[in-house]
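Note that the protein sequences, when read in sequence, are chains A and B.
Letter by letter, the first sequence follows residues 11 to 366 of the working numbering.
Letter by letter, the second sequence follows residues 5 to 80 of the working numbering.
Think of the CB as a built atom: it goes at the ideal place given N, C-alpha and C, for glycine as much as any other residue.
Keep in mind that this is a model prediction, so the values were computed, not measured.
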Amino acid sequence: MSLKFTFRNKRISGILTVLPKREIPFEDEMAHYNFPPAKSLKLKLAMGYNKHRIVEAGTNVSDLCVYGINYLLDEGLLEKDDISALVLVTQSPEHFLPPTSNIIQGKLGLHTDVLCMDINQGCAGFIIGLLQAYMLLEQESIKKVLLLNADVLSQKISKRDRNSNPLAGDAATVTVVERSLEATVIQSVLNMDGKRAYVLQIPAGGFKLPSGPETAEMKEDENGNFRSLDNLVMKGDEVFNFAQKEVPPMIEDLLEISGKKAGDIDFYFFHQPNKFMLHKLADKIGVPREKMPANIVENFGNASGATIPVAVSFNLGADALASTYEVCFAGFGVGLTWAAIQQELGKLKFNQIIYY
Amino acid sequence: MRQSIIEILTELRPEFDFQQDVDFIEAGMLDSFDVVMLVTALDEKFGISIDGMDVLPENFSSIEQIENLLTKNGVK
Chain A
11 MSLKFTFRNK RISGILTVLP KREIPFEDEM AHYNFPPAKS LKLKLAMGYN KHRIVEAGTN
71 VSDLCVYGIN YLLDEGLLEK DDISALVLVT QSPEHFLPPT SNIIQGKLGL HTDVLCMDIN
131 QGCAGFIIGL LQAYMLLEQE SIKKVLLLNA DVLSQKISKR DRNSNPLAGD AATVTVVERS
191 LEATVIQSVL NMDGKRAYVL QIPAGGFKLP SGPETAEMKE DENGNFRSLD NLVMKGDEVF
251 NFAQKEVPPM IEDLLEISGK KAGDIDFYFF HQPNKFMLHK LADKIGVPRE KMPANIVENF
311 GNASGATIPV AVSFNLGADA LASTYEVCFA GFGVGLTWAA IQQELGKLKF NQIIYY
Chain B
5 MRQSIIEILT ELRPEFDFQQ DVDFIEAGML DSFDVVMLVT ALDEKFGISI DGMDVLPENF
65 SSIEQIENLL TKNGVK
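Next comes the structure, spelled out in structure tokens:
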């Protein structure tokens, strides 16, 4: 049982990934973990940890997004007058208010008839943002929606937390969404379960528990990780079991609605928590592991809602400018939220990675 | 099968004796990351893919539990 959406005559016309220039190898941080080095190295292999991209202190979501959008404008890949909406999905907003999307609009000097919207979503943020973009495009007045998936959550992760720090990454992606002249059909399924909302959280820093000296105090958990209430905390086992239980039937549901078999899909671009989890999902769904790329954590880290477009940019690159693929996007995590989209992807105007 | 399991466990955590009759999880001999590495090693050794739904600590609490899991996944 899922909430279902169908869209027609819409498409993704380009994906740009913006990654920080700063790259940190796994080995450089092993000494922070309360773990023998030999075991850390085994874990590195099993989970696909290798290196990750982290912003310099002071770099925020709007910096990455503005840099990416200006690149597209400067390269003639996007016209300013075509932008009707900025949909920013982030969990690292610059302020409680104003919305970060408004800040981005201001920095870019866009016209006042541009809709700016922040959405607080994480691992499923690309799916939620894409749904919002497709819904906006039902309106005649909307020409192109810029879906921005951007997070710099590394700042909220304890360097001494081996559950979360090795897989953390920062990134921004700009996905241009518009109408298609072709008769495309896009299917989507969505589920949310707020009863399990605290499986992934940052306990302090909001109105309920403001940050202060007490919330900044580092404490050791039962596994030897050190973190404070200001840091992201993840119940890794529960997240893993949630994904294994909920995602395969959701994909089965989606494929049935789409009238496709698992083998008809060229690529399964899923959220990128770690290699182990993705391999288990591919095996369970019954698709070859090479059809479900699992190489984003090892190369760049997990940048929450940005991981799916990062995976598209990294794995398809310029091939997606000439070819068209049947793809399945799926995001699962924070919320808890699990959602997926089946659609065509290809003949993109751009699909590349740049560095900030 | 039993000998292979013990070899894999011993390579993973050489400081423990996995032939003793204790609950490996409760005794702190295996944590959740060990379970991930153990599953990866068992998958490779026996040419299987243990179902993600079975990657639960209780299925790795003893040699017998691990044997049952492997049997369920088609290992003879």
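For H62/A, the beta-bridge partners assigned by DSSP are I34/A. With the criterion set as a beta carbon lying under 7 Å from some beta carbon of chain A, the members of the region 32–49 of chain B are D35, S36, F37, V40, M41, T44, in sequence order.
For Q24/B, the number of other beta carbons within 10 angstroms of its own is below 16, and it is reported as exposed.
Identification of chain A residues near D55/B by a Cβ-Cβ cut-off of 9 Å yields Q254, K290, D293, K294, ordered along the chain. The three-state reading of DSSP puts G246/A in helix, counting H, G and I together. In the structure shown, D91/A falls within a helical segment according to DSSP collapsed to helix, strand and coil. CA-CA distance, I29/B to I70/B, rounds to 12 Å. Rounded to whole angstroms, the gap between the alpha carbons of L29/A and R63/A is 7 Å. Collapsing the DSSP output to three states places M11/A in coil.
Going by C-alpha positions, S268/A is about 34 Å away from I364/A.
V79/B is outside the set of residues whose beta carbon lies under 8 Å from a beta carbon in chain A. Going by C-alpha positions, A143/A is about 9 Å away from V186/A. Among the residues facing chain A, V26/B is not included, as its CB has no counterpart in that chain under 8 Å away. Per DSSP, reduced to three states, the secondary structure at K49/B is helical. Under the criterion of beta carbons closer than 8 Å, I295/A and I261/A qualify as touching, at roughly 5 Å. In this structure, A95/A and L158/A do not form a Cβ contact; the two beta carbons are roughly 10 Å apart against a cut-off of 8 Å. Here the alpha carbon of L242/A sits roughly 43 Å from the alpha carbon of K80/B. The DSSP assignment places complete beta strand (DSSP E) segments of no fewer than 3 residues inside the region 116–191 of chain A at 125–129, 154–161, 181–189, in order along the chain. Distance from the CA atom of L358/A to the CA atom of L210/A, rounded to whole angstroms, is 34 Å. Contact check between the region 307–314 of chain A and the region 280–295 of chain A: three or more CB pairs, one atom from each, fall below 8 Å, which counts as touching. Remark: C-beta atoms of L120/A and S111/A do not approach each other more closely than 8 Å.
N201/A carries a strand assignment under DSSP once its states are collapsed to helix, strand and coil. In its chain, beyond the 5 residues on either side, I29, L34, S36, V39 have a beta carbon closer than 8 Å to the beta carbon of P61/B. In the three-state scheme derived from DSSP, where H, G and I count as helix and E and B as strand, A316/A is classed as helix.
For T14/B, the uninterrupted alpha helix (DSSP H) run begins and ends at 6–16, by DSSP. In this structure, DSSP gives S36/B a helical state, which the three-state scheme calls helix. The bridge partners DSSP lists for G341/A are A349/A.
For G246/A, at least one C-beta of chain B is nearer than 8 Å to its own C-beta. Around N233/A, the beta-carbon contacts reaching into chain B at under 7 Å are D35. Within the DSSP bridge table, the entry for K20/A names R189/A as partners. Contact between F339/A and W348/A fails: their C-beta atoms lie close to 12 Å from each other, not under 8 Å. Ranked by Cα distance from D38/A, the options L140/A, K117/A, R170/A are led by R170/A. The region 212–223 of chain A and the region 182–196 of chain A do not touch, with fewer than three beta-carbon pairs separated by less than 8 Å. Sequence-distant partners of V65/A (beyond 5 residues in either direction) whose C-beta falls short of 6 Å from its own C-beta, in its chain, are P30, V162, D180.
Between N361/A and S333/A, the C-beta gap is not smaller than 8 Å, which leaves the two residues out of contact. Annotation note: the region 215–247 of chain A contains no uninterrupted beta strand (DSSP E) run of length 3 or greater.
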